[in-house]
Structures are given as C-alpha cells and as structure tokens.
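Chemist: Got a structure for you, written out below as structure tokens; questions coming shortly.
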Amino acid sequence: MAKYSIKYMCLLALLFIAAISKVYANDGYKLWLEYNKVTNTQLAAGYRQQLKYMIFPTASDQLKASKAELLTALDGMLTLKPADTKNIMSGQTVIIGTPQTLKAFSISVPDSIGTEGYLIKTTLIGQKKGIVIMANTDVGVMYGVFNFLKLIQTNQSINKLNISDHPRIMYRVLDHWDNLNRTVERGYAGSSIWNWHKLPGIVDQRYIDYARANASVGINGSVVNNVNADALILSPQYLLKVQALANVFRTYGIRIYLSVKFSSPVELGGLKTADPLDPAVKKWWADKADEIYHYIPDFGGFLVKANSEGQPGPQSYGRTHADGANMLADALAPHHGIVMWRAFVYDNKVPDDRFKQAYNEFKPFDGKFKDNVIIQVKNGPIDFQPREPFHPLFGAMPNTPLMMEFQLTQEYLGFSTHLVYEAPLFAECLQSDTYTHGRGSTVARVVKGDFNRKLITGMAGVANIGTDLNWCGHPFAQANWYAFGRMAWSPDQSSAVIAGDWLRMTFTNDENFVSPVKSFMLQSRENTVNYMTPLGLHHIMGVSTHYGPGPWVDNAGRPDWNATYYHRADSAGIGFDRTTSGSNALSQYAPEVKANWENLQTCPDEYLLWFHRLSWTYKMRSGRSLWDELVHHYYIGADSVKQMGLTWDKMQGKIDAERFTEVKQLMEVQLNEATTWRDACVLYFQTFSKMPVGAAYPKPEHPLDYYKKLKFYYVPGIGGNNYMTN
Ligand code: GCU
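Just so we're aligned, residue 65 is where the sequence shown starts under our numbering, counting upward by one.
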C-alpha cells in the first residue's frame, strides 16, 4: 500500500509538472510533423544560409499546400521566412517545380522518376548554385517537399543533395473500419474522425491534418468506412458527405474509396436480387458508379468484403468471387476506378483447416479477374496474429494483382496500451521468400509486381486512427501509421531507419534518446509475441473482444473462433499439425518453403506450433523441453516490458513532460497486462503438460480460475453497448 501511494504521488507530481510547463506540453497531435526548432546552432545557421530565397510557383491547390507546408515548417524549425524571388541568388535559392515551371531555368525533369517520384538536387543553375526540388507532377512536388523537410527535421546536411525517389507500389491505402455511427471496429483511439453528422457543412481541421500526415509519407488513398459496410454510404445523402472529404483529400494527392455492401442493390435500390449476373443489378452498379463520379471525379473505387463472416456476396447467388468482382470492375472501369476484393474468406461449414480456405477459394481464379481488380490479402493466413507465416496466396496467383493488407490498429497486439512497433512485423512478411519464381521471390517482390509488370499493385493498412488527441491512442502507435506509409512507398526499407526518422521527427534529435528508444522499439513486437503467442501459438485471445488471454475459449459461436481449435493442447502435446500427416496446409506453399517448414530440423522456433503438433517433452534447439521453452518465452516476454519501462524512465527530461508521463503510465499498464497474459497462459497450458515451472520464476498472483472468470466491460473496438466476457 505504501509503495502504491509513493508511486501514485510520483505520477501526480509528473502530471503537475506536465501541466505547469506549458512550453513543453505536447499532446502529440502534430504527429511526426512537429517541426521542432533545430537546436544545433551551427547546423541551423547553415540551413538558414542556404534557404534564403525561394522560387515556388503556386498554380494549383497542391502546389499552394506544398508551399504553405514548407513555410510553416521552416518557420517552426529555423524561424525563417525565405523571400519569394524570381531570380537565382548565389547558393541561397531553392527552386521547386514541374517541367513546365522549370523550363524557364533550363532544368529538365527526368522521366525515370515517374508520375509520383521526385528529385532533390544541389546544382548549378546557370552560374549559380541552388537546390532544386523537381517532379513531373504537382503531387510529386509535394512528396519532394515533405522529404526535403525530413532532411532538416532529422538534422541532415543539405549541402550536396542528389536524392531521387519514387513509389514502388501504386495504391498505398489506409482502410478505416469506421462505422457511420462513429464507432470504429477494432479501433482503440476514440471515435471515428469522420463526423458524418456534421458533414458536409463542417469540414474539420482534422481532415486536413490527416491528409497532410498521409501525404508526408506518400499514402495516396483512404477507404473511409468499415469493410463490414453499411449500404447507406452509397445514398445521395452520404455521397455528399463523402464528396466533402474527397475535396480535402484531393489537395494532398489522396483519393477516396468506399467499402460497399454487396447487397446494396437490394437494400438501397429496392431490387429483388444482388446477383452479379443479373442485368438489372449490373445496371444499378453502373448507374451508381456514374453518380459517384458525378460527385467525386477522382473517386478511387470500391473495397469489398464478400461472403466472409456473414457478409453477403456473389456466392449467396451461386456465383463466384470473380463474377462479383468483375461486375463491379465493369461499373468502375469507364471512370478508371478499381475494385479491391478481399481474400479474407473462411467458413466453418467448410470441413477444412481455416488456414487453407482463402487459397482454396481464390487460386482457381488466377487470371480470371478484370484488369482493374486487385485481390487484397492479409499478411498471414488466419487474421493479423502477433506472428503469422506469410499468406500462401502470395506468389501463387501470378496473373492476378495481389494487394498486401496489414493491420495497424492493434487488435491482437494489446490495443492502444501496448507499445508495439509493427515495422519489423511488416518487414518479416515482406522479406519472406515465397520461392514461387525461384529463390529470392520475396513477398515484397510479388506485391511490387516484379514478376508481372502488367499488374496493378497495392498495399493497405487497417488504420489505427481516431479522435484521441494524439490520433492513435498510444504516442508510439503513431509510428505504425508512419512506418506503413514508408513501407507502402518502398517495401524494402529498413525498420530501424524508419524508427530513427520517426523518433527524430516526433520527439527529438538527441542521440541519447533516439538510440535507446529505437532499440526497444525494434524489440517491442518480439516482446509481445513472447508474452502472448510464443513458438507459433496463435488465436488464443479473448473471444469476440480479442482483449486479453483466452486460451481456454472453446464455446465461441463457431468452432473456428475457438482458441482450442488452434492450439489443440492436451496431455499428449500442443500445436496444429499442418504437415502432410495433418491438414497439409503446407502444400499450399512452394516446395522449398514446405520442405523447410515441414522438417523439424529446419522449421524456425517462431513458426513451430503453427505447423507441428509436438509432445511437451519434445527437445528444442536450446536443449530445453518444449514446455520449458514455452514458459521461458512467456517470462522473457513480460520481463522485457519491465526492461523497456526502466529504459523509458531514463528518458525523463529529454522530451516534453506530457508525452513522457503518458508513455510511462502506458508502460505500467502494458506490464500488468503482459503479466496477466503470461500467468494465465502458463497456468492454463500447465493443466495439460503437468510439468513444473522453474522455481526461479515469479509465481502467478492468482489461480487459473481467476483469469478465466475475468470480465471486461465495454471493451473498445466492438461497437454498440455490448460487453463480452472471455
Ligand atoms: C477480424 C476482425 C473483424 C474484422 C475482420 C475482417 O476478424 O476481428 O472485426 O471485420 O477481421 O478483416 O474483415
């Protein structure tokens, strides 16, 4: 009790300091676009010297917005207002433009940077030196400006620049699972930022700042409503609201997309059927597309969840996924829109391992989809678990565009109270070798379209954004939004580089902060795997809420929602046999991958229980028994959260008190929850293994029954008034 009150008083003191030190207070709203003062005076003087004059034509809204961003940022970082000029001043001018505007200075823009790429170059213009930010399009200029600003935000030299970059992926999209009543499915950062009731009349500043943040990392699309879609979104009343958002997004190079309900022709149009081959249905969608493009000429297209988790789809009418997707594609094609058709399908009535179902459903349709259809595939075969092997569809449909779907919102990663930097998860999947086109056919290369240049390409991230002051609930969850944008632009980028940039832009360039914090960020996802689902365990969370541990769940609405379906623990052992002797899901991978994961000598520990069912005494590489290894992972997982907290404590004073205190409190919550995961899972699995937990490990605070009986009321992310128990 005494210990508790000291802790409590310390926190109060910290909060008090945070409250009085207004100058240092920071609610995190500005994300990585903080534009903090450059504190290194020599560096700042150098920047000021080189950025005295600016030639920046502002013919379009996009160019005007880019210029405004540049001016705000330079004022914030350097208290500098470059003078507008028409002439080059020696060594002091930045020229920004497209081929048309740069012609006057005899500067040509290389075609190789494409329509969205940019080139930032220190160069002689006539006799004088200057910096040129050039692109073929206005949006390319915007990306160039943001990246130029990043150099200053991260305190890099701008003396001899020659940076050329372009996106490797065409459609870089955030998927919002936002409902029209402003709840967010699997959202842990408040309500939906789209205030549908006040739209279209009120255009919130948040919409603009959202678009700016996206543009700064190259995100060029936004699906604003939930995949479990409400047909109303296509009504004229809502299309006017969508139009108002589209008008904001356009300035920042972002297209708007809508999730659509396959039965909309019935629900909204009053038709008797939504059969995709029915002429009246086809006409309804074609007319609807015309109507949408009337409101939004640059509308991006549709995202569709069909015949999945109770959603209607073409199979409801005896048709195929290809029939459904192609019908919508025909409606959008005259307007150059696309259909993002999700492969997240599984059915408990299908008597096969859930792992295999999406592949079984989609693979036969390779090459059968229209050119403007892209199949959106989750990174792994089940559902955004802390660790999954890559989805076997990647590489298996060489004649079909496949779009990566990552989940930024932390449905299975501790919601917004756990610090989990997801870039290593993205990278692990993207760098996996599918072997489908020989060695080195990484998932990233499949997604980039390296093996079939005719295909459109895309990457989607399920957004973690809400009305919380800091947008994402946890200050560090912003890094997942940021990292997604960077990896969608260029999937081979390093998680460490991205983390470093994000920390510098969001907090400080102080190396004594960046270095230790970056290293725990990079470790953070592995920590969470360890305290939740080590050694290839998966889907053992609380039922429905997906909050907290629930390895005992065996009475969910469907067998394939039960934890016991996935871990299969009994007195003989644990794990899901997906080898030839089991469900043979491994046969969906290329022979090299199958051989590697099927063989216990080569299957990495990380994937072990994904593919193998083993006895509790099975001897692991470490020499420990499987049981001891499992326990070891659970304990190091929770312990690493403690270590992270100790490192964070040393950061006090290096950043603003407000965010320091918030993160400190969050880490304490995370440690409690990690400990609960550890103790609940170890106690539960011990009922089968009947083996001891080493005496050196701290004992669980409660018996198993306590954890099983925990009830969590009004857990965020599931909408409505309902509460669920584990
Ligand atoms: C998960 C998630 C659902 C979501 C679904 C999807 O199952 O729990 O809330 O609707 O994924 O991706 O469609």
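For each residue, glycine too, the CB sits at the ideal point set by N, CA and C.
Between the alpha carbons of residue 648 and residue 559, how many angstroms are there, rounded?
Modeler: By 1-based counting over the sequence shown, the position of residue 648 is 584. By 1-based counting over the sequence shown, the position of residue 559 is 495. Rounded to whole angstroms, residue 648 to residue 559 spans 33 angstroms at the Cα level.
Chemist: Let me check understanding here. Comparing Cα to Cα, which of 328, 220, 483, 268 lies closest to residue 292?
Modeler: Residue mapping note: residue 292 aligns to position 228 of the sequence shown, counting from 1. Checked all of 328, 220, 483, 268; the closest Cα to residue 292 is 328.
Chemist: Relative to the C-alpha of residue 417, which candidate in 199, 191, 674, 221 has its C-alpha closest?
Modeler: The residue you call residue 417 lines up with position 353 of the sequence shown. Looking at the Cα atoms, 674 is the closest of the given residues.
Chemist: Please specify which runs of the alpha helix (DSSP H), each continuous and at least 4 residues long, are wholly inside the stretch 345-406, giving them in chain order.
Modeler: Segments of the alpha helix (DSSP H) lying fully in the stretch 345-406: 385-396.
Chemist: In chain order, what are the residue ranges of uninterrupted beta strand (DSSP E) at least 3 long that sit wholly in the stretch 282-344?
Modeler: Listed in chain order, the complete beta strand (DSSP E) runs (minimum 3 residues) inside the stretch 282-344 are 285-287, 319-323.
Chemist: Taking the alpha-carbon positions, what's the residue 582 to residue 564 distance?
Modeler: Position 518 of the sequence shown, counted from the start, is the residue given in the question as residue 582. Position 500 of the sequence shown, counted from the start, is the residue given in the question as residue 564. Each residue's Cα considered, the two are about 6 angstroms apart.
Chemist: Using a Cβ-based criterion (distance less than 7 angstroms to any ligand heavy atom), does residue 622 qualify as near the ligand GCU?
Modeler: To locate residue 622, count along the sequence shown from 1; it is residue 558. No, the beta carbon of residue 622 sits no closer than 7 angstroms to any heavy atom of the ligand GCU.
Chemist: Is the beta carbon of residue 6 within less than 7 angstroms of some heavy atom of the ligand GCU?
Modeler: In the structure displayed, the chain extends from 65 to 790; residue 6 sits before or after that span and is not available.
Chemist: So, is residue 765 buried or exposed, given that buried needs 16 or more other C-beta atoms within 10 angstroms?
Modeler: As a working mapping, residue 765 is identified with position 701 in the sequence shown. The residue is exposed, with fewer than 16 neighbouring Cβ atoms inside 10 Å.
Chemist: At the level of alpha carbons, what is the spacing between residue 232 and residue 651?
Modeler: The sequence position of residue 232 within the sequence shown is 168, counting from 1. The sequence position of residue 651 within the sequence shown is 587, counting from 1. Straight-line Cα distance between these residues: approximately 30 angstroms.
Chemist: Less than 8 angstroms between the CB atoms is what I'm expecting for residue 205 and residue 267, so what's the real figure, rounded?
Modeler: As a first step, residue 205 is located in the sequence shown; it is residue number 141 there, counting from the start. As a first step, residue 267 is located in the sequence shown; it is residue number 203 there, counting from the start. 24 angstroms between Cβ atoms; not a contact.
Chemist: For residue 11, collect the residues of the same chain with a Cβ closer than 7 angstroms to its Cβ; drop the 5 residues on either side in sequence, then sort them by chain order.
Modeler: Since the first residue shown for the chain is 65 and the last is 790, residue 11 is missing from the structure and cannot be characterised.
Chemist: Does the ligand GCU have a heavy atom nearer than 7 angstroms to the CB of residue 237?
Modeler: Numbered from its first residue, the sequence shown carries residue 237 at position 173. It does not: the Cβ of residue 237 is nowhere closer than 7 angstroms to a heavy atom of the ligand GCU.
Chemist: I need the straight-line Cα distance from residue 346 to residue 399, nearest angstrom please.
Modeler: For the purposes of this step, residue 346 is identified with residue 282 of the sequence shown, where counting begins at 1. For the purposes of this step, residue 399 is identified with residue 335 of the sequence shown, where counting begins at 1. Between residue 346 and residue 399, the C-alpha separation is close to 16 angstroms.
Chemist: Can you tell me where the beta strand (DSSP E) holding residue 486 begins and where it ends?
Modeler: Here the question's residue 486 lines up with position 422 in the sequence shown. From DSSP, residue 486 is part of no beta strand (DSSP E); its letter is neither H nor E.
Chemist: Of all the CB atoms in chain B, is at least one closer than 8 angstroms to the CB of residue 478?
Modeler: The structure shown has no chain B; it contains just one protein chain.
Chemist: Does the ligand GCU have even one heavy atom less than 7 angstroms from the beta-carbon of residue 408?
Modeler: Stepping through the sequence shown from its first residue, residue 408 is reached at position 344. Yes; taking the cut-off as 7 angstroms, the Cβ of residue 408 has a heavy atom of the ligand GCU nearer than that.
Chemist: For residue 568, count neighbouring C-beta atoms within 10 Å of its own C-beta (all shown protein chains included) and say buried if the count is 16 or more, exposed if not.
Modeler: Working through the sequence shown from its first residue, we reach residue 568 at position 504. Buried, because 16 or more other Cβ atoms sit within 10 Å of the Cβ of residue 568.
Chemist: Going by beta carbon distance, what residues of the same chain come within less than 6 angstroms of residue 408, once the five residues before and after it are set aside?
Modeler: In the sequence shown, counting from the first residue as 1, residue 408 sits at position 344. Contacts found: 372, 442.
Chemist: What residue does the beta strand (DSSP E) around residue 161 start on, and which one ends it?
Modeler: Translated into the one-based positions of the sequence shown, residue 161 becomes position 97. That run of the beta strand (DSSP E) goes 157-161.
Chemist: Given residue 801, which residues of its chain have a CB within under 7 angstroms of its CB, disregarding the five upstream and five downstream residues?
Modeler: Missing from the structure shown is residue 801; the chain here goes from 65 to 790 and no further.
Chemist: Check for me: the beta strand (DSSP E) holding residue 731 runs from which residue to which?
Modeler: Locating residue 731 in the sequence shown gives position 667, where the first residue counts as 1. Taken as a continuous stretch (DSSP letters only), residue 731 belongs to no beta strand (DSSP E), being part of the alpha helix (DSSP H) at 721-753.
Chemist: Check the C-beta distance from residue 705 over to residue 746 and give it rounded, since I have them as a contact under 8 angstroms.
Modeler: Here residue 705 refers to the residue found at position 641 of the sequence shown. Here residue 746 refers to the residue found at position 682 of the sequence shown. About 16 angstroms separates the two Cβ atoms, so there is no contact after all.
Chemist: To the nearest angstrom, how far is it from the Cα of residue 182 to the Cα of residue 207?
Modeler: If you number the sequence shown from 1, residue 182 lands on position 118. If you number the sequence shown from 1, residue 207 lands on position 143. About 7 angstroms.
Chemist: On the three-state DSSP scale, how would you describe residue 437?
Modeler: Here residue 437 refers to the residue found at position 373 of the sequence shown. Reduced to three states, the DSSP call for residue 437 is strand.
Chemist: Alpha carbon to alpha carbon, what distance is there between residue 498 and residue 505?
Modeler: Residue mapping note: residue 505 aligns to position 441 of the sequence shown, counting from 1. Residue mapping note: residue 498 aligns to position 434 of the sequence shown, counting from 1. Each residue's alpha carbon lies about 6 angstroms from the other.
Chemist: For residue 797, is the classification buried or exposed, using 16 other Cβ atoms within 10 angstroms of its Cβ as the cut-off for buried?
Modeler: For residue 797 there is no data in the structure shown, the boundaries of the chain being 65 and 790.
Chemist: Report the rounded CA-to-CA distance for residue 86 versus residue 126, giving the unit in angstroms.
Modeler: Numbered from 1 along the sequence shown, position 22 holds the residue referred to as residue 86. Numbered from 1 along the sequence shown, position 62 holds the residue referred to as residue 126. Interpretation of residue 86 is limited by its pLDDT of 44, a score under 50 that renders its predicted location unreliable; the figure taken from the coordinates is listed afterwards. Straight-line Cα distance between these residues: approximately 34 angstroms.
Chemist: Would the C-beta of residue 35 count as close to the ligand GCU, meaning under 7 angstroms from any of its heavy atoms?
Modeler: Any property of residue 35 remains undetermined from this structure, which presents the chain solely from 65 to 790.
Chemist: Can you tell me whether residue 468 is helix, strand or coil according to DSSP?
Modeler: If you number the sequence shown from 1, residue 468 lands on position 404. Strand.
Chemist: Report yes if the C-beta distance between residue 527 and residue 473 is below 8 angstroms; otherwise report no.
Modeler: For the purposes of this step, residue 527 is identified with residue 463 of the sequence shown, where counting begins at 1. For the purposes of this step, residue 473 is identified with residue 409 of the sequence shown, where counting begins at 1. Taking 8 angstroms as the Cβ cut-off, residue 527 and residue 473 qualify as a contacting pair.
Chemist: Whole angstroms are fine: how far does the CA of residue 512 sit from the CA of residue 196?
Modeler: Here residue 196 refers to the residue found at position 132 when the sequence shown is read from its first residue. Here residue 512 refers to the residue found at position 448 when the sequence shown is read from its first residue. Near 29 angstroms, if we compare the C-alpha coordinates of residue 512 and residue 196.
Chemist: Check whether the stretch 666-673 and the stretch 591-601 touch, using three or more Cβ-Cβ pairs below 8 angstroms as the test.
Modeler: Contact holds: three or more Cβ-Cβ distances are below 8 angstroms.
Chemist: Alpha carbon to alpha carbon, how far is residue 339 from residue 436?
Modeler: If you number the sequence shown from 1, residue 339 lands on position 275. If you number the sequence shown from 1, residue 436 lands on position 372. Taking the straight line from one Cα to the other gives about 20 angstroms.
Chemist: Around the Cβ of residue 611, are there at least 16 other Cβ atoms within 10 angstroms (buried) or fewer (exposed)?
Modeler: For the purposes of this step, residue 611 is taken as the residue at position 547 of the sequence shown. Buried, by the Cβ-count rule.
Chemist: Excluding the 5 residues preceding and the 5 following residue 264 in the sequence, name in chain order all residues of the same chain whose CB lies nearer than 6 angstroms to its CB.
Modeler: Along the sequence shown, read from residue 1 onward, the residue named residue 264 stands at position 200. Around residue 264: 304, 305, 308.
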